[in-house]
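Enquirer: Just passing along the structure, written as structure tokens.
Number of protein chains: 2
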Amino acid sequence: MEDALPKLPRKTGRPLSFDRDAALEQAMLLFWRHGYESTSLSDLTAAMGVTPPSIYAAFGDKRRLFLAAVHRYLSGPVTAETIIEGAGTAREAARQLLEGSAIAFTGTQTPPGCLLASGAISCSAEAADVQAELAALRGGIEARLAKRIARGKTEGELPGGTDAEALAGFVMAMIQGLSTLARDGASREKLLRVAANAMLAWPSGPSA
Amino acid sequence: MEDALPKLPRKTGRPLSFDRDAALEQAMLLFWRHGYESTSLSDLTAAMGVTPPSIYAAFGDKRRLFLAAVHRYLSGPVTAETIIEGAGTAREAARQLLEGSAIAFTGTQTPPGCLLASGAISCSAEAADVQAELAALRGGIEARLAKRIARGKTEGELPGGTDAEALAGFVMAMIQGLSTLARDGASREKLLRVAANAMLAWPSGPSA
DNA sequence: CATCTTCCATAGTGATCAATATGAAACAAT
DNA sequence: ATTGTTTCATATTGATCACTATGGAAGATG
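As structure tokens, this is what we get:
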């Protein structure tokens, strides 16, 4: 095995004077709290401890910095994808998604709510492409969940009449709603009860 | 009965050259689509057909114009309040709220989604008060619904063990989520199926 | 050492932001 | 017609927006 270098070092030139990943994390936290358009470059430079030219050299522009922050946000060890593919049943996948959201949206070290859900809900026409990219990410998760639900139908976990599209949309809508409740100040305990309540809508068995 | 004048006329001075209510409606539609902070004054003046000084004379500032638009948005003949108080059961109130939301969020003559749900989700620190006012409006609706659910428990419509707070939060979260689904392009027909799916989580009867 | 490459810090770009100063215009009252 | 009041259109305010031009600093390479 080769040496596991922490960052692949530049061959030449002045070295980076800041930790790119730590700076990106600060940007993520700021975008998480205030959203894409309401986070200004001067907010970002202050939080990241990096001057504007360095930000632009390292990340491109504000849009690409935001997308990099969203990518980082979604690239933990546990993602929606790993939950959906790893759960034993579609029901268990949905339950873990909802419970995990309730917990993740009420962390004490992070802003309330969800960056993917709240980062670019309403924005100007100029930011329509960023809004569309987040919508596509949400749509991808929903499509994966719908597929998992459809598999549950074929495997007999779910009734044949189950509307996979509506059920996946329902779970996604709940996650969006949990984000808003969290941003409005709801406690983790309440969000968990709301999430548990949502699971009551899950089809009960392979009958009908 | 006095003469029902369409607008109480000024006693003196140059008359208003624009329809205040029509201008407010245009502002509402713009805020509805782009949210509070991402709607600029120049966007507003263009859509309302009114110059900046007239807007400030008629509505105060951008913040009060937005709140006036939200008030107008919420003050139709059918409101969350009339639905909650008018429905025969808490269940019927929830069903009407969800179905009404699915329809209202996918109107062809209005922007997708909900102004109250999406107008100020993530915003800068300067707009925190506006965000808080919308949160308070949402909280008021949720509290009313929770009260109606609690009444359903005492009247035997709902099981004694029903968690009124969680159930009301669940309905509110669903409405928030329906708004995002609509903004992401979901059809009215899909939203209605998602809303119907959500109603499956409703407690079934006065047992347990 | 000199040279090359890359990054940093300072300062500033034009554009747009919300909000206004100014004075003329439009009405009622006299 | 004159006065008083209110609204109008025009132009602009200082602040902030995302972004960058410039030149020196920091390292590797020779």
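Protein sequences appear in the order of chains A and B.
Positions 1 to 208 (full-length UniProt numbering) are the ones given, in order, by the first sequence.
Positions 1 to 208 (full-length UniProt numbering) are the ones given, in order, by the second sequence.
Glycine included, each C-beta is placed from N, C-alpha and C at the ideal position.
Please read these numbers as outputs of a predicted model, since none were measured by experiment.
Between the C-alpha atoms of proline 6 of chain B and alanine 127 of chain B, what's the straight-line distance to the nearest angstrom?
Expert: Because the pLDDT of proline 6 of chain B is 41, which lies under 50, any placement of that residue in the model is unreliable, and the number read from its coordinates should be weighed accordingly. Spanning the two alpha carbons is a distance of roughly 35 angstroms.
Enquirer: Who are the neighbours of glutamine 176 of chain A on chain B, taking C-beta pairs under 7 angstroms?
Expert: Gln176, Gly177 and Thr180
Enquirer: Return yes when the Cβ of alanine 150 of chain B is within less than 8 angstroms of the Cβ of arginine 193 of chain A, no when it is not.
Expert: In this structure, the beta-carbon distance from arginine 193 of chain A to alanine 150 of chain B does not fall below 8 angstroms.
Enquirer: For chain B, find out if any of its Cβ atoms is closer than 8 angstroms to the Cβ of residue 242 of chain A; answer yes or no.
Expert: Residue 242 of chain A lies beyond the stretch modelled for chain A, which goes from 1 to 208, so this question has no answer here.
Enquirer: Spell out whether any CB of chain B is found under 8 angstroms from the CB atom of cysteine 114 of chain A.
Expert: no
Enquirer: Roughly how many angstroms separate the alpha carbons of isoleucine 103 of chain B and arginine 138 of chain A, rounded to a whole number?
Expert: 22 angstroms
Enquirer: Going by the C-beta, is glutamate 133 of chain B closer than 7 angstroms to any heavy atom of the ligand COA?
Expert: Ligands are entirely absent from the displayed structure, and the ligand COA is therefore not among its contents.
Enquirer: Between leucine 134 of chain A and alanine 120 of chain A, which are expected to be in contact by the criterion C-beta below 8 angstroms, what is the C-beta distance as a whole number of angstroms?
Expert: 5 angstroms
Enquirer: Of all Cβ atoms in chain A, is any one closer than 8 angstroms to the Cβ of methionine 172 of chain B?
Expert: yes
Enquirer: Check the Cβ of alanine 198 of chain A against every Cβ in chain B and list those closer than 9 angstroms, keeping chain order.
Expert: Phe170, Ala173, Met174, Ala198 and Ala201
Enquirer: State yes or no: is the C-beta of proline 111 of chain B within less than 8 angstroms of the C-beta of leucine 29 of chain B?
Expert: yes
Enquirer: For the segment 142-170 of chain B, which residues have a beta carbon sitting closer than 8 angstroms to at least one beta carbon of chain A?
Expert: Asp163, Glu165, Ala166, Leu167, Gly169 and Phe170
Enquirer: Check for me: the alpha helix (DSSP H) holding phenylalanine 170 of chain B runs from which residue to which?
Expert: 164-183
Enquirer: Please identify, using Cβ separations under 7 angstroms, the residues of the segment 14-40 of chain A that lie next to chain B, in order along the chain.
Expert: His34, Gly35, Glu37 and Ser38
Enquirer: Below 8 angstroms CB to CB, which residues in the same chain sit around methionine 172 of chain A once its five sequence neighbours on both sides are set aside?
Expert: Arg138, Ile141, Glu142 and Leu145
Enquirer: So for proline 6 of chain A, helix, strand or coil by DSSP?
Expert: Legend: pLDDT at proline 6 of chain A = 40, less than 50; position of this residue unreliable, no value from coordinates given.
Enquirer: Compare the C-beta of arginine 72 of chain A against all C-beta atoms of chain B and say whether one is closer than 8 angstroms.
Expert: No - not a single Cβ of chain B is within 8 angstroms of the one on arginine 72 of chain A.
Enquirer: Got a sec: is the Cβ-Cβ distance from isoleucine 121 of chain A to anything in chain B below 8 angstroms?
Expert: By this cut-off, isoleucine 121 of chain A is an interface position.
Enquirer: How do the segment 197-206 of chain B and the segment 154-161 of chain B stand: do at least 3 beta-carbon pairs fall below 8 angstroms, yes or no?
Expert: The answer is yes - the segment 154-161 of chain B touches the segment 197-206 of chain B, with three or more Cβ pairs under 8 angstroms.
Enquirer: Given that a residue counts as buried once 16 or more other Cβ atoms are within 10 Å of its Cβ, and exposed if not, what is valine 78 of chain B?
Expert: exposed
Enquirer: Using a Cβ-Cβ cutoff of less than 8 angstroms, which residues in the same chain neighbour lysine 153 of chain A once the five nearest sequence positions on both sides are dropped?
Expert: Pro159, Gly160, Thr162 and Ala164
Enquirer: Using the rule of at least 16 other Cβ atoms within 10 Å of the residue's Cβ for burial, across every protein chain shown, is aspartate 184 of chain B buried or exposed?
Expert: Its Cβ being crowded by 16 or more others within 10 Å, aspartate 184 of chain B is buried.
Enquirer: Residues in the same chain with beta-carbon distance under 7 angstroms from glutamine 131 of chain B, minus the five sequence neighbours each way, listed in chain order, please.
Expert: Ala120 and Cys123
Enquirer: Hey, is aspartate 61 of chain A's beta-carbon within less than 8 angstroms of any beta-carbon in chain B?
Expert: no
Enquirer: Suppose the cutoff is 7 angstroms on Cβ atoms and the five residues either side in sequence are ignored; what does the same chain contact list for threonine 108 of chain A look like?
Expert: Around threonine 108 of chain A: no qualifying Cβ.
Enquirer: Could you check whether the Cβ of glycine 139 of chain A sits closer than 8 angstroms to any Cβ belonging to chain B?
Expert: yes
Enquirer: Could you spell out where the alpha helix (DSSP H) holding residue 225 of chain B opens and where it closes?
Expert: With chain B covering only 1 through 208, there is no way to say anything about residue 225 of chain B.
Enquirer: Is the segment 64-81 of chain B close to the segment 27-46 of chain B, with three or more CB pairs under 8 angstroms?
Expert: yes
Enquirer: First and last residue of the alpha helix (DSSP H) that includes proline 53 of chain B?
Expert: 52-59
Enquirer: Give the range of the alpha helix (DSSP H) segment to which threonine 82 of chain A is assigned.
Expert: 80-86
Enquirer: What does serine 42 of chain B reach in chain A if we use C-beta pairs closer than 7 angstroms?
Expert: Near serine 42 of chain B there are no residues of chain A at all, since even the closest Cβ is about 11 angstroms away, more than 7 angstroms.
Enquirer: Tell me, please, whether the CB atom of aspartate 184 of chain A is closer than 8 angstroms to any CB atom in chain B?
Expert: Chain B, which has a Cβ nearer than 8 angstroms to the Cβ of aspartate 184 of chain A, makes this yes.
Enquirer: Is the Cβ of arginine 193 of chain B closer than 8 angstroms to any Cβ of chain A?
Expert: yes
Enquirer: Of all the CB atoms in chain B, is at least one closer than 8 angstroms to the CB of serine 118 of chain A?
Expert: yes
Enquirer: With H, G and I counted as helix, E and B as strand and the rest as coil, what does DSSP make of isoleucine 121 of chain B?
Expert: coil
Enquirer: Counting pairs of beta carbons, one from the segment 89-98 of chain B and one from the segment 43-51 of chain B, are three or more of them closer than 8 angstroms?
Expert: no
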